[in-house]
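Everything on this sheet refers to the single structure shown next.
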Amino acid sequence: MAAAATIAPVQVEFLEFPAVLTSPASGKTYFLGGAGERGLTIEGKFIKFTGIGVYLEDTAVPSLALKWKGIPSEDLVQTLDFYRDIISGPFEKLIRGSKILPLSGPEYSKKVMENCVAHMKSVGIYGDAEAAAIEEFAEAFKNVNFPPGASVFYRQSPDGVLGLSFSQDASIPEKEAAVI
């Protein structure tokens, strides 16, 4: 993986997101595309709940280069279409969401589902299949609790499959807990 030589790990609070990781569930290696924090403003104060790391499959680089090669990184980070191409690109993504504060699975998944449903409705793609997938998603989180440092991994394949796995730390489980 040549691109990984220039990628550095990212620290978000006490969570470290390595530059490269390999999933035992998929057998694939991914490089860190970016990491940061997520939270909510409560009573005027921003509360950090999770650190998020977005990892991309090796094939992301040549795929994105077809359209974006030669454009300075300073311009790319300001270009919404570039991020859309990352999200919709024909390569696998692995997203690690690690908890900074404790959360129950239902608490966490409720906010994720609200955001997903709102987005799908806004772009006109929310129907029966999507509603069923949201129900499967809720079921996967029903009996999960996340202490600080615990993680959920989302494997997004280009063919629309979402694999979920849960860990009490940053390690990737060998088997996915749900495939939607």
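In the UniProt record's numbering, the protein residues as written are 1 to 180.
Glycine included, each C-beta is placed from N, C-alpha and C at the ideal position.
- In the structure shown, L101 falls within a coil segment according to DSSP collapsed to helix, strand and coil.
- Taken in chain order, the unbroken stretches of alpha helix (DSSP H) that lie wholly in the segment 49–109 and span 4 residues or more are 60–68, 73–76 and 80–88.
- The beta carbon of P9 sits closer than 8 Å to those of E16, F17, P18, A19 and L32, all from its chain and outside the five residues before and after it, given in chain order.
- In this structure the segment 86–94 does not touch the segment 141–152; the number of beta carbon pairs closer than 8 Å is below three.
- A residue is called buried once 16 or more other Cβ atoms fall within 10 Å of its Cβ, and I71, having fewer, is exposed.
- The DSSP-derived three-state label of F137 is helix.
- S157 sits in coil when the DSSP states are folded into three classes, being neither helix nor strand.
- N143 sits in coil when the DSSP states are folded into three classes, being neither helix nor strand.
- DSSP links S167 through a beta bridge to S151.
- Separation of the CB atoms of A131 and A177 is rounded to 21 Å, and the pair is thereby denied contact status at 8 Å.
- Closest in alpha carbon position to E13, among I180, K142, V179 and K99, is K99.
- Rounded to the nearest angstrom, the gap between the Cα atoms of K111 and M120 is 14 Å.
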